[in-house]
Amino acid sequence: MNLVQVETSADALQEELARSLEGEVRFDAISRALYSTDASVYQILPRGVVIPKTRQDILRIIQICARHRCPITMRGGGTSQAGQAIGEGIQVDTSKHYNRILEINEAERWARVEPGIVLDELNAQLAPMGLRFAPDISTASRATIGGMMANNSCGARSVVWGKTIDHVLEQTVALSDGTVAEFRDIPRDRIPTGDTLEAACYRTVLRLACEHAQEIDRRYPKILRRVGGYNLDEFTDPAKPVNLAKMMVGSEGTLGVVLEAKLRLVALPNAKAAMVICFDDLLESLAATPVILQHNPSAVEVMDKRILDHTRQNAALDNIRNQFIAGDPASTLCIEFYADRKEDLPPRLAALEQDLRSRGFGYHFHAETDSVKQARVWSLRESALGLSTAMKEDAKSISFVEDTAVAPEKLSEFIGRFLGIIQRHQTTAGVYAHASVGCLHVRPVINLKTEEGVARFQSIAADVASLVLEYGG
20 MNLVQVETSA DALQEELARS LEGEVRFDAI SRALYSTDAS VYQILPRGVV
70 IPKTRQDILR IIQICARHRC PITMRGGGTS QAGQAIGEGI QVDTSKHYNR
120 ILEINEAERW ARVEPGIVLD ELNAQLAPMG LRFAPDISTA SRATIGGMMA
170 NNSCGARSVV WGKTIDHVLE QTVALSDGTV AEFRDIPRDR IPTGDTLEAA
220 CYRTVLRLAC EHAQEIDRRY PKILRRVGGY NLDEFTDPAK PVNLAKMMVG
270 SEGTLGVVLE AKLRLVALPN AKAAMVICFD DLLESLAATP VILQHNPSAV
320 EVMDKRILDH TRQNAALDNI RNQFIAGDPA STLCIEFYAD RKEDLPPRLA
370 ALEQDLRSRG FGYHFHAETD SVKQARVWSL RESALGLSTA MKEDAKSISF
420 VEDTAVAPEK LSEFIGRFLG IIQRHQTTAG VYAHASVGCL HVRPVINLKT
470 EEGVARFQSI AADVASLVLE YGG
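Residue numbers for the sequence shown follow the working numbering, so the first one is 20 and each next one is one higher.
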């Protein structure tokens, strides 16, 4: 929640925070350096770091930093690929202490949590009940629910489960003046009034949504994987109740601080199956994706040759690769299906293979219903990504044009143009991720230790942004 530019001495701010909080206050050089980065390529040295223990700590941090005119940046697991978890003011880390599961209602399928809870830890508590929080991001072992709400995170199975915004029922939020608001579904004739900041939030959001409804409808991308910008499109329908939690989700900490959230839970699938398909051409595999989507998969993940070849560096992964992949494919699709009964899955796998073969897509199909072997399929995809980033040279696969998203039917043409940009800038890139929703991660190889590399970084980013707009992404 960025208030204004820092206008205070570190000593005065540090002293007041240390006097007022139960949690940890760190202004030493090592802590500041540790919190100056996240999983992105960016670095911003914070003024200091605070690790709150209680809700009261967080409210005091907001009030104290407001008096000292110092911005704060809320931080979860620091898994951001675009620098959202770093900032020049005070870093507030909720992952160490402010991370409790407050309540689980198994019958009604919801849970109340503090924002610092890690996704895998929450789902481990829910699994014995046959439940989970739906978005299944690749960083689930480290990412927190607070960060997922700020980012509106999705995951590999978003074609089924949607985005985080679809699973947040309520939020308790601290506003910039330190007051606390409860955001949940409210009929429009019962929204708060008066001169409070909470009431002003309702008035402002509804006014903006009403005044700009046509422009919002015209310009907001009509794709499943839109997570950028404020969710004003959630408030343009006058018949819908108002829930400002939907405005908070995806706002990246700029509107308030989530103190706790009530989350919708989903049932774990009864049965799963996977299919691995090999292709001679990356764009062919992406062109096949709309056909695959007609068969209602729960996931369609792509790995190109550059990503997949990194598995050769590891004997265990190479062995797994040889179990599922034939030849030397330019691209591989990993497809998953959910079903109520295990016996329903083989006919669906067979129907998909027959459909794709009849259209000339793919040269090798491997169907898998065994749960252990399915886990190996997904471990291959996850491990290949990690290996792709472990390059010994100064030029490395860089994450800076992440999560570009277009409609799946446009994906093949879009990625062809995208790779043309990469080639024009005289480099290469690995391609992987969520073909099912038209959202791929493209990681160009760049040496950021040189001025030429930094210039290439900036130029590629600008060109890709223009391309995304051209394709309505």
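Quick reminder that beta carbons are idealized off the backbone N, C-alpha and C, glycines included. Because the structure is a prediction, the values reported are computed rather than measured.
On the CB-based measure, 16 or more other CB atoms within 10 Å of its CB, does residue i come out buried or exposed?
i: Asn-289; result: exposed
i: Val-420; result: buried
i: Lys-265; result: buried
i: Glu-489; result: exposed
i: Ala-481; result: exposed
i: Gly-269; result: buried
i: Glu-470; result: exposed
i: Gly-457; result: buried
i: Val-23; result: Because Val-23 carries a pLDDT of 42, less than 50, the predicted location of this residue cannot be relied on, and the following value inherits that uncertainty. So Val-23 counts as exposed.
i: Met-410; result: exposed
i: Ser-377; result: exposed
i: Glu-234; result: exposed
i: Pro-316; result: buried
i: Asp-76; result: buried
i: Leu-32; result: buried
i: Glu-26; result: Confidence at Glu-26 is low in this model, with a pLDDT of 48, below 50, so its placement is unreliable and the value that follows should be read with caution. Exposed, because fewer than 16 other Cβ atoms sit within 10 Å of the Cβ of Glu-26.
i: Cys-89; result: buried
i: Thr-212; result: exposed
i: Asn-124; result: exposed
i: Gln-332; result: exposed
i: Thr-408; result: exposed
i: Asn-341; result: exposed
i: Gln-100; result: buried
i: Gln-373; result: exposed
i: Ala-126; result: exposed
So residue i and residue j are supposed to be a Cβ contact under 8 Å. How far apart are they, rounded?
i: Gly-174; j: Gly-96; result: Going by Cβ atoms, the distance from Gly-174 to Gly-96 rounds to 15 Å, so no, they are not a contact pair.
i: Cys-220; j: Leu-263; result: 6 Å
i: Ile-164; j: Val-192; result: At roughly 14 Å, the Cβ-Cβ gap does not stay under 8 Å, so Ile-164 and Val-192 are not in contact.
i: Glu-320; j: Leu-352; result: 7 Å
i: Arg-207; j: Pro-257; result: 7 Å
i: Thr-92; j: Ala-162; result: Not a contact, Cβ separation roughly 16 Å.
i: Gly-439; j: Ser-416; result: Not quite, the Cβ-Cβ distance comes to about 19 Å (not below 8 Å), so this is no contact.
i: Asp-57; j: Gly-106; result: At roughly 10 Å, the Cβ-Cβ gap does not stay under 8 Å, so Asp-57 and Gly-106 are not in contact.
i: Arg-367; j: His-314; result: 6 Å
i: Ile-120; j: Leu-141; result: 6 Å
i: Lys-361; j: Thr-388; result: 7 Å
i: Leu-40; j: Val-60; result: Going by Cβ atoms, the distance from Leu-40 to Val-60 rounds to 32 Å, so no, they are not a contact pair.
i: Phe-384; j: Ile-296; result: 5 Å
i: Lys-259; j: Trp-129; result: Not really, about 20 Å apart at Cβ, beyond 8 Å.
i: Tyr-382; j: Asp-328; result: Not a contact, Cβ separation roughly 18 Å.
i: Ala-228; j: Phe-254; result: 4 Å
i: Ser-398; j: His-444; result: No, Ser-398 and His-444 are not in contact; Cβ-Cβ is about 33 Å, not under 8 Å.
Return the bridge partner residues of residue i from the DSSP annotation.
i: Asn-124; result: Trp-129
i: Leu-352; result: Ile-296, Val-321
i: His-460; result: Tyr-451
i: Leu-282; result: Ala-130, Val-187
i: Glu-387; result: Ala-293
i: Thr-56; result: Gln-62
i: Tyr-357; result: Lys-291
i: Arg-45; result: Val-68
i: Leu-150; result: Ala-286
i: Asp-482; result: Paired residues: none, contrary to the question.
i: Glu-201; result: Thr-191
i: Ser-416; result: Val-464
i: Met-93; result: Val-111
i: Val-277; result: Val-192
i: Val-473; result: Partner(s): none; Val-473 has no beta bridge.
i: Ala-424; result: Cys-458
i: Val-137; result: Thr-163
i: Gly-174; result: Asp-155
Suppose contacts are defined by Cβ-Cβ distances below 8 Å. Is residue i in contact with residue j by that definition?
i: Val-473; j: Thr-446; result: no
i: Ala-318; j: Ser-418; result: no
i: Thr-198; j: Leu-216; result: yes
i: Tyr-451; j: Asp-323; result: yes
i: Asn-170; j: Glu-271; result: yes
i: Leu-188; j: Arg-325; result: no
i: Ile-81; j: Val-276; result: yes
i: Gly-435; j: Leu-274; result: no
i: Thr-158; j: Met-168; result: no
Chain C beta carbons: is any one of them nearer than 8 Å to that of residue i?
i: Tyr-382; result: As a matter of chain content, chain C is missing from the structure shown, which is built from one protein chain.
Stretch pair the stretch 404-424 + the stretch 352-368: three plus CB contacts closer than 8 Å: no
Measuring CB atoms only, is the stretch 58-78 touching the stretch 102-111, in the sense that at least three cross pairs come out at less than 8 Å? yes
Is the stretch 283-302 in contact with the stretch 390-400, if contact means three or more CB pairs nearer than 8 Å? yes
Within the chosen definition, does the stretch 140-154 reach the stretch 302-313 through at least 3 CB pairs nearer than 8 Å? no
Does the stretch 177-185 touch the stretch 224-240, meaning 3 or more C-beta pairs lie closer than 8 Å? no
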